[in-house]
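Quick notes on the structure that follows.
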Amino acid sequence: MLRFPSGWNGVNERKDMKGKYLLVFVSLCCLASAAVGICMNTAGLFYKPIAEDLGVGIGSVSLTMTILTIASSFTALLAPKILKEKVVKIAILVATILMGGGTFLMSVSSSTLGLYAGSVMRGLGSGMTGFVLVTSIINRWYYKSHGVITSIAVAFSGIPGVILSPILTSIINNSGWRSAMMVSAVLIVLLCLPSLFVLTVSPQTQGLDPYGYEDFLKEKEKGNIRTISAEGEFFSYKDKEFILAVLFVICVCLVASLPNYLPAYAESLGLTSISGIILSVALAGNICSKVFFGIISDKLSAKIAIITYACICIVALIPLILHGNPLFILIAAFSYNFTASNSSVGISIITSDLFGESNYSKVYPMLSFIGSYALAFASAMIGFMYDLFGSYSPVLIAIMVLQICIVFITFNAYRLKKA
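Numbering (the numbering used here), first residue to last: 1220 to 1638.
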């Protein structure tokens, strides 16, 4: 049972309070959809058509994602400053203008220089409203079912890709990539609007306790749920746990770049019949995996969820390396993008597990900053490696090795924490 503030006097007020929790949750889902779902997860649809239109290599176009992630890493570090009631909505408004305006600038650019400038703007806005902000606010608003709520919110970063990939592909084929990019700009603005009206940093601002506050404390005492609170725990950047967390973040972010290249991968094999839907299938795996990640994390542990997902990705890479038939490749694309959970929800929850909630706002932005550079590096290198080798096989083999590393790093990080 939730503990309501004084003045609660009936069913209608209880429903109103529950409605506030829901509205905040929806606004966070919309932010994740705009900042990550559209700005990052649909980028792969544009690589080839832009490259062909401007007469440049795919590697040159994929640098837009590298630039975006680097720019986002700097503004993500500002999350602790943004997490203030008088600042958060102003920051979201600025971020909305940057993301929408940057996307529009890309749509009218006739050179890679314009694309890169638009990517800087999109990245600055994405970093301000991405996973650092979303998960930090979730930590303050929702105690009960924390893993599931985090997973669902982060999963909305994949929903635009699933829904929009076939739509944007159709627009690209019929009207050109510029029209598809303009549609993306409008959608980014619309998705950011709810937060400007309903979002607050903490529930106390709206006269509420965190969702499930008393239930959470009771279950925590029984040892039935994952502890997300560790007030006063000492933390140092020299800790072995932090070093392992950095290695974990680097690995999971390096391997997270592959799904954006799946349409180009399918076309490189001559599988044009699935190139238009393979990203949608992969992003469907993104969404499903994040929901189940939260359930596994809450019921068992984040360690089990992370290791299980890394193993699924290792198996999924086999048909991609062997160039299986189209059906197997689609199944592999769906399964491989379970890695998106490790690079999003996994980083958030492992930060809480290893360093405690009191250190979360200090550690997570730094890990996100490092992860952004790993993602930026991988986003560019995959494109250039394909240009160099004319095949994605070397990339896939390297990614398999990194997934194996994720298993060992996760196991040892939790073993050290336990000790």
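Cβ atoms here follow ideal geometry from the backbone N, Cα and C, with glycine treated the same way.
With a cut-off of 8 Å on Cβ pairs, the region 1496–1511 is in contact with the region 1374–1387, counting three or more such pairs.
Minimum Cα-Cα distance from G1346 among the listed residues F1244, L1241, G1395 and I1589 corresponds to I1589. Residue environment for N1392: exposed (fewer than 16 other C-beta atoms within 10 angstroms of its C-beta).
Using a Cβ-Cβ distance cut-off of 8 Å, the region 1565–1582 and the region 1350–1358 are in contact, since at least three pairs of beta carbons, one from each stretch, lie closer than that value. Secondary structure note for L1273: its alpha helix (DSSP H) is the uninterrupted segment G1263 to L1273.
The alpha-carbon separation between N1505 and E1304 amounts to approximately 32 Å. Close CB contacts of I1526 within its chain, under the 6 Å cut and outside five residues either way in sequence, are with V1626 and T1629 (chain order).
Between A1529 and N1556, the gap from beta carbon to beta carbon reaches 8 Å or more. The DSSP-derived three-state label of Y1611 is coil. Within a 10 Å sphere around the beta-carbon of P1482 sit 16 or more other beta-carbons, which makes this residue buried. In this model, I1618 and C1472 are separated by some 11 Å (Cα to Cα).
M1347: member of the alpha helix (DSSP H) spanning T1331 to T1348, first to last residue. By the neighbour-count criterion, in which a residue is buried when 16 or more other Cβ atoms sit within 10 angstroms of its Cβ, T1424 is exposed. When DSSP assignments are scanned along the region 1556–1613, the uninterrupted stretches of alpha helix (DSSP H) that are 4 or more residues long and fall wholly within it turn out to be 1558–1561, 1564–1574 and 1576–1608. As computed with DSSP, Y1361 is found in a beta bridge with Y1430.
Taking C-beta atoms under 8 Å as the contact rule, G1333 and M1340 fail to qualify, at a distance of about 11 Å. Rounded to whole angstroms, the separation of the alpha carbons of D1428 and L1615 is 47 Å. Rounded to whole angstroms, the gap between the alpha carbons of V1620 and L1539 is 14 Å. When the alpha-carbon of I1286 is set against those of A1595, S1355 and I1537, the nearest one is in A1595. Contact check for N1479 against P1379 fails: the beta carbons are separated by 8 Å or more. At the C-beta level, V1280 and A1270 come within 8 Å of one another. Cβ-Cβ distances below 6 Å link S1591 to T1288, S1291 and S1292 in the same chain, with the five nearest sequence neighbours on each side left out; the list follows chain order. A distance of 8 Å or more separates the beta carbons of G1513 and S1421. Assignment of M1400 by DSSP, reduced to helix, strand and coil, places it in the helix class.
Taking the Cα of G1319 as reference, the smallest distance to any Cα among S1329, S1338 and K1308 is reached at S1338. Excluding its 5 nearest sequence neighbours in each direction, Y1362 has C-beta neighbours in its own chain below 6 Å: P1429, G1431, Y1432 and F1435, listed in chain order. Its Cα nearest to that of D1458, the residue L1573 stands out among L1573, A1551 and V1245. The beta carbon of A1253 is closer than 6 Å to those of I1407, L1410 and C1411 in its chain, skipping five residues each way along the sequence. Excluding the 5 residues flanking it on each side, A1524 has same chain C-beta neighbours closer than 6 Å at F1512, I1515 and S1516, in chain order.
A1295 is a Cβ neighbour of S1587, given a cutoff of 8 Å.
Cβ neighbours of I1623 within its own chain (closer than 6 Å, five residues either side excluded): none. Under a 10 Å Cβ-count criterion, P1584 is classified as buried, with 16 or more other Cβ atoms of the shown protein chains found around its own Cβ. The C-beta distance from S1476 to S1598 rounds to 5 Å, short enough to meet the 8 Å contact threshold.
DSSP places D1517 in the helix class (H, G or I) of the three-state scheme. Residue state for K1457 is assigned as coil, using DSSP reduced to three classes. The C-alpha of F1553 is placed about 9 Å away from the C-alpha of S1508.
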